[in-house]
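**Q** Quick one: the structure is below, and I'll ask about it shortly.
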Amino acid sequence: MSSADPSQRIASAVEAALADLSVAGDAAAVSAVANAATGKKGSLTALRRSLAEVDDAERRRDLGALLHHAMETVDSAAEQRRVALRRAAIDEQVARERWDLTETALRSAGQRRGRLHLVTQATERLEDVFVGLGFQVAEGPEVESDFYNFEALNMPPSHPARSMWDTLFVDTTETGSVVLRTHTSPVQIRVMQEWPPPIYAVMPGRVFRRDTPDATHMPVFHQIEGLVVDRGITFADLAGTIEAFTQAFFGRDFTSRLRPSYFPFTEPSAEFDIRRPDGTWIELGGCGMVHPSVLRAGGLDPLEWSGFAFGFGIDRMAKERHGVEDLRDMYSDDVRFTGQFP
Ligand code: FA5
Numbered sequence: 168m169s170s171a172d173p174s175q176r177i178a179s180a181v182e183a184a185l186a187d188l189s190v191a192g193d194a195a196a197v198s199a200v201a202n203a204a205t206g207k208k209g210s211l212t213a214l215r216r217s218l219a220e221v222d223d224a225e226r227r228r229d230l231g232a233l234l235h236h237a238m239e240t241v242d243s244a245a246e247q248r249r250v251a252l253r254r255a256a257i258d259e260q261v262a263r264e265r266w267d268l269t270e271t272a273l274r275s276a277g278q279r280r281g282r283l284h285l286v287t288q289a290t291e292r293l294e295d296v297f298v299g300l301g302f303q304v305a306e307g308p309e310v311e312s313d314f315y316n317f318e319a320l321n322m323p324p325s326h327p328a329r330s331m332w333d334t335l336f337v338d339t340t341e342t343g344s345v346v347l348r349t350h351t352s353p354v355q356i357r358v359m360q361e362w363p364p365p366i367y368a369v370m371p372g373r374v375f376r377r378d379t380p381d382a383t384h385m386p387v388f389h390q391i392e393g394l395v396v397d398r399g400i401t402f403a404d405l406a407g408t409i410e411a412f413t414q415a416f417f418g419r420d421f422t423s424r425l426r427p428s429y430f431p432f433t434e435p436s437a438e439f440d441i442r443r444p445d446g447t448w449i450e451l452g453g454c455g456m457v458h459p460s461v462l463r464a465g466g467l468d469p470l471e472w473s474g475f476a477f478g479f480g481i482d483r484m485a486k487e488r489h490g491v492e493d494l495r496d497m498y499s500d501d502v503r504f505t506g507q508f509p
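In this text, residue positions in the sequence shown follow this note's numbering: the first is 168, and each later residue adds one.
What follows is the structure in structure tokens.
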């Protein structure tokens with residue numbers, strides 16, 4: 168060790184590091200100061216390396232202990248500074264986002280205090296659009312039997328298409344006989360069984376799937392089913408209805424397309440996408456001509472009646488309409504998010 172007074176140099180290095188730490192303004196600055204003292208090329212590390220030059224074994228041991236303590240002092244001061252900065256950042260955020268309900272109540276006295284959820288607003292608007300096109304609104308149960316959710320929709324037990332829906336089963340004595348409905352399509356059967364044709368119906372409601380939440384998926388979400396049964400209904404009626412609906416709901420600068428697809432309960436089947444004004448597409452639902460077996464399950468003669476059906480995801484429609492990037496935001500109940508919408 169070259170200096171005449173190494174313990175003095177250790178003390179000064181610690182003092183300088185502690186002074187710098189006390190004014191370090193963020194985590195990066197704290198790490199830089201700590202590194203300059205105890206890092207690979209740090210001042211204290213250099214002093215420790217030069218201990219080898221001290222001949223007196225006892226003095227070398229004393230200086231080693233002193234250095235060890237000095238490095239610990241700097242590292243622990245750095246950690247304390249990091250904790251203090253984190254705490255200050257949290258305090259600052261809490262102060263910034265403080266929400267005084269008394270102020271809110273006073274400010275909104277005499278004004279509207281709340282609003283319907285974006286998905287409820289979308290559902291009501293969808294109903295309005297379809298009622299305007301001559302449809303009636305129907306509803307069905309959220310807890311369904313296997314018969315309505317699958318079998319009557321042309322999916323007998325062990326049909327591979329059942330795996331298209333990650334089903335949540337209800338625990339009953341007869342395993343697999345009761346499900347949380349995976350789509351609104353079972354309401355097609357219920358409507359056919361109850362209403363004599365011609366049928367022009369939409370059926371909105373909540374559906375359930377074992378889906379992991381992400382920007383476009385929720386395990387609990389909403390669909391609106393459409394069912395038309397009449398004489399001489401063709402695929403052109405389906406395409407025309409979907410285009411008319413797209414423009415009525417999203418505006419004239421949106422358009423729709425149908426892509427060939429497969430659903431066991433429609434034949435032919437298609438996926439329904441809309442094109443946003445920026446030219447990008449998003450899938451909103453499935454549709455097709457009602458399968459003869461499904462008409463029969465609903466008690467109708469497929470030689471006399473034909474029809475089309477569709478099922479759209481309402482949450483995705485609300486997301487598109489309001490330019491929301493992530494479906495999960497719509498369920499976060501965060502006032503900073505909900506407050507943005509009229
Ligand atoms: C069906 O559920 C069919 N029942 C639709 C149908 C009805 C086809 C009538 C033919 C005739 P699919 O699984 O593709 O199809 O879901 C329809 C729409 O629901 C999707 O396009 C999407 O908009 C929405 N959707 C599906 N899964 C989720 C989810 N986990 N979260 C949010 N929306 C979803």
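No residue lacks a Cβ here, since even glycine has one placed at the ideal position from N, Cα and C.
Nearest-angstrom Cα distance between E291 and L285?
**A** Approximately 10 Å between the Cα atoms of the pair.
**Q** Is the stretch 366 to 374 touching the stretch 432 to 450, taking contact as three or more C-beta pairs under 8 Å?
**A** Too few Cβ pairs lie closer than 8 Å, so no.
**Q** Quick one: what's F477 bridged to in DSSP?
**A** According to DSSP, F477 bridges with G393 and C454.
**Q** Given a cut-off of 8 Å, decide if Q390 and G478 are closer than it, judged by their beta-carbon atoms.
**A** A contact, by the Cβ cut-off of 8 Å.
**Q** Cutting at 6 Å between CB atoms, please list the residues of its own chain near V519, excluding the five before and the five after it.
**A** Beyond the ends of the chain as shown, which are 168 and 509, falls residue 519; an answer cannot be given.
**Q** What are the complete beta strand (DSSP E) segments, minimum 3 residues, inside the stretch 276 to 320?
**A** Listed in chain order, they are 310 to 312.
**Q** Roughly how many angstroms lie between the CA atoms of D501 and W266, to the nearest whole one?
**A** Cα-Cα distance, rounded: 12 Å.
**Q** Within 10 Å of its beta-carbon, does E311 have 16 or more other beta-carbons around it, so buried, or fewer, so exposed?
**A** By the 10 Å Cβ count, E311 comes out buried.
**Q** Report buried or exposed for V261, applying the criterion of at least 16 other Cβ atoms within 10 angstroms of its Cβ.
**A** Label assigned to V261: exposed.
**Q** Counting only the same chain and skipping the five closest in sequence on each side, list residues whose C-beta sits under 8 Å from that of P353.
**A** Taken in chain order, the residues that qualify are G307, E311, Y315, N316, A319 and L320.
**Q** In whole angstroms, what separates the C-alpha of S174 from that of D222?
**A** Between S174 and D222, the C-alpha separation is close to 16 Å.
**Q** Just the Cα atoms here: how many angstroms apart are A437 and F430?
**A** One C-alpha to the other measures close to 8 Å.
**Q** Would you be able to state if there are at least three C-beta pairs under 8 Å between the stretch 229 to 242 and the stretch 207 to 215?
**A** Touching, yes, given that three or more Cβ pairs across the two stretches are closer than 8 Å.
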